[in-house]
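**Q** Numbering-wise (the UniProt record's numbering), the sequence shown opens with residue 1 and increments by one.
For every residue, glycine included, the Cβ atom is placed at its ideal position computed from N, Cα and C.
Here the structure is a predicted model, which means the values were calculated and not measured.
Encoded as structure tokens, here's the structure I'll be asking about.
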Amino acid sequence: MHLRKKLPGKAEGNAESPTPRYFNGRTSMVAAAIAMALTASIVAASPARALDEEGPGNCKTQEDPSWSGWSNHEQVGDALAQIERTSSGRVDVEVVGHSSQGRPLWAARVGTGDRVLLVTSAIHGNERTGTEALLAILKDLGSGGDARTTQLLEDITLVAMPMVNPDGGELNRRINVLSWDDTVAAFPQLQGAPRAWYHSLRGDGIDLPGYDLNRDFNPDLDYVPRAADLPGEDTDAGFFLAPESRAIRDVYVDLRREKGAVDAYVDLHHMGPCDRLTGGSQDGDLITFSLDYPPLGVQDGAAYKAEWPALDQEKSRRYALSVYNGLIASYGAQSPLTAVGRYFHPDTREYAGQGRSAFALNGTGTVLFEVRGQQDDLGQKHKGMFVKAVRTGIESLMNGLATGSADTLDGDDFFDLPDYGWDTTAD
Numbered sequence: 001m002h003l004r005k006k007l008p009g010k011a012e013g014n015a016e017s018p019t020p021r022y023f024n025g026r027t028s029m030v031a032a033a034i035a036m037a038l039t040a041s042i043v044a045a046s047p048a049r050a051l052d053e054e055g056p057g058n059c060k061t062q063e064d065p066s067w068s069g070w071s072n073h074e075q076v077g078d079a080l081a082q083i084e085r086t087s088s089g090r091v092d093v094e095v096v097g098h099s100s101q102g103r104p105l106w107a108a109r110v111g112t113g114d115r116v117l118l119v120t121s122a123i124h125g126n127e128r129t130g131t132e133a134l135l136a137i138l139k140d141l142g143s144g145g146d147a148r149t150t151q152l153l154e155d156i157t158l159v160a161m162p163m164v165n166p167d168g169g170e171l172n173r174r175i176n177v178l179s180w181d182d183t184v185a186a187f188p189q190l191q192g193a194p195r196a197w198y199h200s201l202r203g204d205g206i207d208l209p210g211y212d213l214n215r216d217f218n219p220d221l222d223y224v225p226r227a228a229d230l231p232g233e234d235t236d237a238g239f240f241l242a243p244e245s246r247a248i249r250d251v252y253v254d255l256r257r258e259k260g261a262v263d264a265y266v267d268l269h270h271m272g273p274c275d276r277l278t279g280g281s282q283d284g285d286l287i288t289f290s291l292d293y294p295p296l297g298v299q300d301g302a303a304y305k306a307e308w309p310a311l312d313q314e315k316s317r318r319y320a321l322s323v324y325n326g327l328i329a330s331y332g333a334q335s336p337l338t339a340v341g342r343y344f345h346p347d348t349r350e351y352a353g354q355g356r357s358a359f360a361l362n363g364t365g366t367v368l369f370e371v372r373g374q375q376d377d378l379g380q381k382h383k384g385m386f387v388k389a390v391r392t393g394i395e396s397l398m399n400g401l402a403t404g405s406a407d408t409l410d411g412d413d414f415f416d417l418p419d420y421g422w423d424t425t426a427d
């Protein structure tokens with residue numbers, strides 16, 4: 001088995017008419033000797049780790065994996081409707097916008113507390129572990145009658161958007177579905193301008209155009225697209241060209257207006273299928289997911305501080321660390337559920353157009369989850385383990401916000417989380 005580091009620029013996940021208003025590195029290379037020393041006994045699942053037929057220690061990608069076990073858009077809508085009905089008014093589900101192809105975009109809200117957590121999933125349509133985790137969390141919060149749940153809902157307000165790119169999801173692909181001609185029709189001032197750099201004419205082998213929605217955000221939450229700003233480049237803020245990204249923005253803006261601040265934002269994604277931890281007590285184990293803070297360039301986003309003084313990268317790292325600590329407290333340091341590391345983040349990594357970057361520049365602590373593998377290469381493999389880990393991670397941050405423990409951590413400790421590399425024998 002050989003490990004290699006992630007390369008710069010690897011995107012998360014392998015990287016309208018107005019929407020209704022809402023609610024009143026410290027990295028190091030692994031020595032070759034370590035790679036050679038990792039034997040089949042390390043990567044094979046032990047009985048304690050045999051969470052499914054093949055075990056979490058194995059990594060076998062599939063050319064045509066089944067993804068029928070993942071909730072599609074209609075099923076997500078049905079599940080949300082049932083959760084709302086059975087919660088006796090505790091969970092409120094609203095349509096906060098529509099996709100480019102007209103599918104409803106939902107936001108589910110539960111809790112009345114002052115600490116606000118916004119979570120989005122499946123902004124890349126083929127990355128859906130977070131969708132399943134959010135549905136499970138909402139179901140339990142909506143029906144739980146124990147004292148702990150009652151107190152949690154008095155302390156926090158959770159707003160979950162479990163499927164924000166349903167058009168891409170129905171095609172099992174990363175980008176949404178929206179042509180440049182339709183974009184110009186929505187924004188006539190862009191007539192004659194070049195296409196935005198993150199607009200593609202096809203995606204994942206499908207000859208339909210669309211946007212990488214996770215590059216379509218701007219820290220200026222009132223931004224209106226301007227021809228002079230196009231096409232832009234990968235380090236730049238985005239242009240709010242897609243209705244899906246504008247819907248997420250509107251939810252964020254309305255929550256800030258109502259609550260005064262959105263304390264935390266979590267964006268749920270997937271990464272490559274065969275990455276292994278390098279360092280720590282689980283050195284050589286397949287990673288379950290990685291965590292990250294906003295990628296805003298050199299010196300922790302220093303170039304943005306003058307214009308966006310609310311940026312607090314330490315806060316984002318504290319919240320990511322709260323996720324990790326909660327997993328360790330729940331499952332111990334040797335469980336595959338806690339095989340968690342730091343996402344690839346060299347000092348020069350800069351994506352101001354990501355939602356987590358735009359919201360961080362407005363003062364929110366933001367955390368990226370990158371779950372190993374996608375439906376495209378693993379299908380339903382390890383689904384139960386990944387959903388459980390993501391769910392526990394989100395719940396850990398919720399508890400950290402509710403108790404205030406997330407605010408007392410040392411953000412620098414985030415850098416003690418292990419790094420990871422690719423298992424090239426699985427390529």
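#1: Would you report the Cα separation of Gly411 and Gln313, rounded to the nearest angstrom?
#2: When the Cβ atoms of the stretch 297-307 are set against those of the stretch 402-410, are three or more pairs found closer than 8 Å?
#3: According to the neighbour-count rule (16 or more other Cβ atoms, all chains shown, within 10 Å of its Cβ), is Arg257 buried or exposed?
#4: At the level of alpha carbons, what is the spacing between Gly89 and Ser143?
#5: Rounded to whole angstroms, how far is the Cβ of Trp70 from the Cβ of Arg128, which I believe are closer than 8 Å?
#6: Please check the pair Ser121 and Glu244, which I expect to be a contact at CB under 8 Å, by giving their CB distance rounded to whole angstroms.
#7: So, is Gln151 buried or exposed, given that buried needs 16 or more other C-beta atoms within 10 angstroms?
#8: Rounded to whole angstroms, how far is the Cβ of residue 475 from the Cβ of Val266, which I believe are closer than 8 Å?
#9: Expressed to the nearest angstrom, what Euclidean distance is found between the alpha-carbon atoms of Phe415 and Leu190?
#10: Count the C-beta pairs between the stretch 78-92 and the stretch 164-179 that are closer than 8 Å, then say yes if the count reaches three, no if not.
#11: Please report the residue range of the alpha helix (DSSP H) in which Ser330 lies.
#12: Looking at C-alpha atoms only, which residue of Arg103, Ala358, Ala320, Glu370 is the closest neighbour of Glu395?
#13: Trp197 by DSSP, collapsed to three states: which one?
#14: Could you tell me which whole beta strand (DSSP E) segments of length 3 or greater appear in the stretch 118-183?
#15: Could you please give me the residues that DSSP links to Ile206 through a beta bridge?
#16: Taking buried to mean at least 16 other C-beta atoms within 10 Å of its own C-beta, is Gln75 buried or exposed?
#17: Run through DSSP, which three-state label would Arg109 get?
#18: For Gly421 and Val367, I'd like the C-alpha separation in whole angstroms.
#19: What does the alpha-carbon distance come out to for the pair Gly365 and Leu201?
#20: Can you grab the Cα-Cα spacing for the pair Glu370 / Trp106, in whole Å?
#21: Tell me the DSSP bridge mates of Pro104?
#22: Exposed or buried, Ala290, counting other C-beta atoms within 10 Å across all chains shown (16 or more means buried)?
#23: When the Cα of Leu409 is compared with those of Leu361, Arg85, Gly326, Val224, which residue comes out closest?
#24: Check for me: the beta strand (DSSP E) holding Gly341 runs from which residue to which?
#25: Please go through the same chain and pick out, in chain order, the residues whose beta-carbon is closer than 6 Å to the beta-carbon of Lys315, but skip the five residues on each side of it.
#26: Skipping 5 residues on each side, what residues in its chain have a beta carbon closer than 8 Å to that of Gly332?
#27: Grab the span of the beta strand (DSSP E) containing Leu255 for me, first residue to last.
#28: Between the alpha carbons of Ala147 and Leu138, how many angstroms are there, rounded?
#29: In angstroms with no decimal places, state the Cα-to-Cα distance between Gly232 and Arg195.
#30: If I follow the unbroken beta strand (DSSP E) through Ser88, where does it start and stop?
#31: If Tyr211 and Ala242 are in contact, beta carbons under 8 Å, what's the gap, nearest whole angstrom?
#32: Distance, Cα to Cα, Asp419 vs Glu350?
#33: Starting from Arg372 and walking both ways along the beta strand (DSSP E), at which residues does that stretch end?
#34: Have a look at Pro225, Ser87, Arg342, Val387 and flag the residue whose alpha-carbon is nearest the alpha-carbon of Asp140.
#35: Once you ignore the five residues that flank Ser330 on each side, which residues in its own chain have a CB closer than 6 Å to its CB?
#36: Output the distance between the C-alpha atoms of Leu417 and Ala186, rounded to the nearest integer angstrom.
**A** So, from the listed chains and residues:
#1: Counting from 1 along the sequence shown, the entry for residue 411 is found at position 411. Counting from 1 along the sequence shown, the entry for residue 313 is found at position 313. Cα to Cα, the separation comes out at about 8 Å.
#2: By the Cβ test, the stretch 297-307 is not in contact with the stretch 402-410, since fewer than three Cβ pairs between them sit closer than 8 Å.
#3: By one-based count along the sequence shown, residue 257 stands at place 257. Counting Cβ neighbours within 10 Å, Arg257 comes out exposed, since fewer than 16 surround it.
#4: As a working note, residue 89 is residue 89 in the sequence shown. As a working note, residue 143 is residue 143 in the sequence shown. Approximately 10 Å between the Cα atoms of the pair.
#5: On the sequence shown, residue 70 is found 70 positions in, with the first residue counted as 1. On the sequence shown, residue 128 is found 128 positions in, with the first residue counted as 1. About 5 Å separates the CB atoms of Trp70 and Arg128; that is less than 8 Å, so the two are in contact.
#6: Counting from one through the sequence shown, the residue named residue 121 turns up at place 121. Counting from one through the sequence shown, the residue named residue 244 turns up at place 244. Glu244 and Ser121 do not touch by the CB rule: their CB atoms are close to 12 Å apart, not below 8 Å.
#7: Residue numbering aside, residue 151 sits at position 151 when the sequence shown is read from its first letter. That one is exposed.
#8: Residue 475 cannot be examined here, being either before or after the span of the chain that is shown, 1 to 427.
#9: The residue given as residue 415 occupies position 415 in the sequence shown. The residue given as residue 190 occupies position 190 in the sequence shown. Cα-Cα distance, rounded: 43 Å.
#10: no
#11: By 1-based counting over the sequence shown, the position of residue 330 is 330. Run containing Ser330: 313-331, per the alpha helix (DSSP H) assignment.
#12: Here residue 395 refers to the residue found at position 395 when the sequence shown is read from its first residue. Checked all of Arg103, Ala358, Ala320, Glu370; the closest Cα to Glu395 is Ala320.
#13: To locate residue 197, count along the sequence shown from 1; it is residue 197. DSSP places Trp197 in coil when its eight states are reduced to three.
#14: 156-161
#15: Taking the sequence shown and counting its residues from 1, the one referred to as residue 206 is at position 206. Answer is Gly203.
#16: Here residue 75 is taken as the residue at index 75 of the sequence shown, counted from 1. Exposed, because fewer than 16 other Cβ atoms sit within 10 Å of the Cβ of Gln75.
#17: Residue numbering aside, residue 109 sits at position 109 when the sequence shown is read from its first letter. Three-state DSSP puts Arg109 in a strand.
#18: On the sequence shown, residue 421 is found 421 positions in, with the first residue counted as 1. On the sequence shown, residue 367 is found 367 positions in, with the first residue counted as 1. Their backbone Cα atoms lie some 21 Å apart in a straight line.
#19: Taking the sequence shown and counting its residues from 1, the one referred to as residue 365 is at position 365. Taking the sequence shown and counting its residues from 1, the one referred to as residue 201 is at position 201. The straight-line gap from Cα to Cα measures roughly 34 Å.
#20: Here residue 370 refers to the residue found at position 370 when the sequence shown is read from its first residue. Here residue 106 refers to the residue found at position 106 when the sequence shown is read from its first residue. In this structure, the CA atom of Glu370 is about 22 Å from the CA atom of Trp106.
#21: One-based indexing of the sequence shown puts residue 104 at position 104. Pro104 is bridged to His98.
#22: On the sequence shown, position 290 is the one that residue 290 refers to. Here residue 290 is Ser; the residue named in the question, Ala, does not match the sequence. Taking all protein chains in view, the Cβ of Ser290 is crowded by 16 or more other Cβ atoms within 10 Å, so the residue is classified as buried.
#23: For this step, residue 409 is matched to residue 409 along the sequence shown. Looking at the Cα atoms, Gly326 is the closest of the given residues.
#24: Indexing the sequence shown from 1 puts residue 341 at position 341. Here the beta strand (DSSP E) through Gly341 covers 340-342.
#25: The residue you call residue 315 lines up with position 315 of the sequence shown. So the list reads Gly365, once near-sequence residues are dropped.
#26: The residue you call residue 332 lines up with position 332 of the sequence shown. So the qualifying residues of the chain are Thr338.
#27: To locate residue 255, count along the sequence shown from 1; it is residue 255. Element bounds for Leu255: not the beta strand (DSSP E) but the alpha helix (DSSP H), 243-259.
#28: Indexing the sequence shown from 1 puts residue 147 at position 147. Indexing the sequence shown from 1 puts residue 138 at position 138. So the two alpha carbons sit approximately 17 Å from each other.
#29: Here residue 232 refers to the residue found at position 232 of the sequence shown. Here residue 195 refers to the residue found at position 195 of the sequence shown. In a straight line, the C-alpha of Gly232 is about 9 Å away from that of Arg195.
#30: For this step, residue 88 is matched to residue 88 along the sequence shown. Segment: none, Ser88 is in no beta strand (DSSP E) and carries neither H nor E.
#31: In the sequence shown, residue 211 corresponds to position 211, counting from 1. In the sequence shown, residue 242 corresponds to position 242, counting from 1. With a Cβ gap of about 5 Å, Tyr211 and Ala242 count as contacting.
#32: Working through the sequence shown from its first residue, we reach residue 419 at position 419. Working through the sequence shown from its first residue, we reach residue 350 at position 350. Taking the straight line joining both Cα atoms gives about 19 Å.
#33: Counting from 1 along the sequence shown, the entry for residue 372 is found at position 372. For Arg372, the enclosing beta strand (DSSP E) starts and ends at 365-372.
#34: Within the sequence shown, residue 140 is the residue found at index 140, counting from 1. Closest option to Asp140, Cα to Cα, is Ser87.
#35: Indexing the sequence shown from 1 puts residue 330 at position 330. Thr392, listed in sequence order.
#36: Looking up residue 417 in the sequence shown gives position 417. Looking up residue 186 in the sequence shown gives position 186. One C-alpha to the other measures close to 45 Å.
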